[in-house]
Amino acid sequence: MSISSSLPSTLRVLFLAAEAAPLIKVGGLGDVAGSLPHALSVIPAHLLEGRTLDMRLVIPYHGEVARKLLDPQPVASFIVQHPSGPIPTRAFVTYLSDIPVYMIEGAPIGTEAPVYSGDNYLDGLKYAFFSLAAVELARQLDWQPDIVHANDWHTALSVFHLARRRLSRDAFFARTRSVLTIHNLPFMGAGAERALDEFGIQPVKDLRLPVWARQFPLPLGLLAADRIVAVSPT
């Protein structure tokens, strides 16, 4: 992998996922998110052109996670903007193999809802909120990521939101680039359109997307991502 010489000696990577084992696991995404950040962080610098990776993981503060952790450390309180009013948001931190794991808490995530409820609207609200909050968390921590790495439709809107922040000349994210990894391509966030409407995310008019995909989270993320990764050829 070739890394631009303009990048810093330590690359800061904000890794976003809906689940991460052993804190919370539903499927293979949980295995990846629970292990890959640590695996990347210990890659020898000589294999990365002399650079190291500072990995930070962000997941929703699901009720099951809250019940497992006895004393998570609060690290930030902030708001996520919503057309009907700001949403109070908190973040906590724990550690997996020395990797900081930030957990986002807010009303759309809930305390009893499963990771994936089967209700496309409610899941859309949850993960639209989480995606926006995870990007804002970096600012709250005054930790400027070089890369935001999202996974599947649940966090794809973070990539779309980051692109909008850069277009608005947000200095904090001026150097931040994005990676979106596809684990399950058929799951694009269909049915979340009303939730996106409520967050002020309207259908795009970009002709590179078919009309039906212009307000689905995953296609919006793919449209905005600087790099796209597929976990397998199929």
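With the first letter of the sequence shown counted as 1, position 76 gets the number 76 in my numbering; the numbers rise by one all the way through. Positions of the beta carbon are idealized from the N, C-alpha and C atoms, including for glycine.
Going by DSSP in three states, residue i sits in which element: helix, strand or coil?
{"i": "Gln140", "result": "helix"}
{"i": "Tyr61", "result": "coil"}
{"i": "Asp226", "result": "coil"}
{"i": "Arg208", "result": "coil"}
{"i": "His149", "result": "strand"}
{"i": "Leu40", "result": "helix"}
{"i": "Gly85", "result": "coil"}
{"i": "Gly106", "result": "strand"}
{"i": "Asp119", "result": "coil"}
{"i": "Ser97", "result": "coil"}
{"i": "Ser168", "result": "coil"}
Enumerate in chain order the residues of its own chain whose CB-to-CB distance from residue i is below 6 angstroms, with the five nearest sequence positions on each side excluded.
{"i": "Ser77", "result": "Arg90"}
{"i": "Phe130", "result": "Pro60, Ile104"}
By the 10 Å Cβ neighbour count, where 16 or more other Cβ atoms means buried, how is residue i classified, buried or exposed?
{"i": "Ala215", "result": "Sequence check: residue 215 is Gln here, not Ala. Buried, because 16 or more other Cβ atoms sit within 10 Å of the Cβ of Gln215."}
{"i": "Val211", "result": "exposed"}
{"i": "Lys205", "result": "exposed"}
{"i": "Glu112", "result": "exposed"}
{"i": "Arg56", "result": "buried"}
{"i": "Ile79", "result": "exposed"}
{"i": "Val101", "result": "buried"}
Contact defined as beta carbons within less than 8 angstroms: I believe residue i pairs with residue j. What is the distance between those atoms, to the nearest angstrom?
{"i": "Leu11", "j": "Glu19", "result": "Wrong, their Cβ atoms sit about 24 angstroms apart, outside the cutoff."}
{"i": "Thr176", "j": "Val159", "result": "Between Val159 and Thr176 the Cβ distance is about 10 angstroms, and since that is not below 8 angstroms, they are no contact."}
{"i": "Ala133", "j": "Ile104", "result": "5 angstroms"}
So, for residue i: in the same chain, excluding its five sequence neighbours on each side, which residues have a beta-carbon less than 8 angstroms away from its beta-carbon?
{"i": "Gly27", "result": "Glu19"}
Within its chain, find whatever has a CB closer than 7 angstroms to the CB of residue i; leave out the 5 residues flanking it on each side and keep chain order.
{"i": "Trp153", "result": "Phe187, Met188, Gly189, Pro217, Leu218"}
{"i": "Pro233", "result": "none"}
> So, do the region 218-233 and the region 181-192 have three or more beta carbon pairs nearer to each other than 8 angstroms?
Replying inline: With a cut-off of 8 angstroms, the region 181-192 and the region 218-233 count as touching, because enough Cβ pairs lie within range.
> Are the region 110-128 and the region 90-99 in contact at 8 angstroms, needing three or more beta carbon pairs?
Replying inline: Contact between the region 110-128 and the region 90-99 is absent: fewer than 3 CB-CB pairs across the two stretches fall below 8 angstroms.
>> Count Cβ pairs between the region 30-50 and the region 61-78 that sit closer than 8 angstroms; are there 3 or more?
In response: Taking 8 angstroms as the limit for Cβ pairs, the verdict is that the region 61-78 does not touch the region 30-50.
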